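The structure appears below as structure tokens.
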Amino acid sequence: MGKIIVNLDVEMAKRKVSLGELAERVGLTQANLSILKTGKARAVRFTTLEAICRELNCQPGDILAYEE
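Now the structure itself:
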């Protein structure tokens, strides 16, 4: 059984964006963004993914990956 890998921390590090800064820019709490960043989220809204991609200037595939 495969799983979804969240590479949000990698994309944030590439752009030198802190958790607090990104949370503020996308309108999430730091706690909720941290849950997503650590891969513990059970779901992500497309609007949230869209806002993160907009702020980090990346594609959804840069943040999310599937692994067997």
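Per my numbering, residue 1045 is the first one in the sequence shown, and the count goes up by one each step.
Each residue gets a CB set at the ideal place from its N, CA and C atoms; glycine is no exception.
Predicted, not measured: the structure shown is a model, and the values here were computed from it.
Where residue i falls: helix, strand or coil (DSSP)
| i | result |
| --- | --- |
| A1085 | coil |
| L1066 | helix |
| L1093 | helix |
| L1108 | strand |
Anticipated Cβ contact below 8 Å, residue i with residue j, distance rounded
| i | j | result |
| --- | --- | --- |
| L1080 | L1052 | 6 Å |
| L1049 | A1109 | Just to set this straight, residue 1049 is Ile in the shown sequence, not Leu. 5 Å between Cβ atoms; contact. |
Boundaries of the alpha helix (DSSP H) in which residue i is found, first to last residue
| i | result |
| --- | --- |
| K1113 | Because the chain spans 1045 through 1112 in this model, residue 1113 falls outside it and cannot be assessed. |
Residue i vs residue j beta-carbon contact at 9 Å
| i | j | result |
| --- | --- | --- |
| E1112 | G1071 | no |
| E1099 | L1066 | yes |
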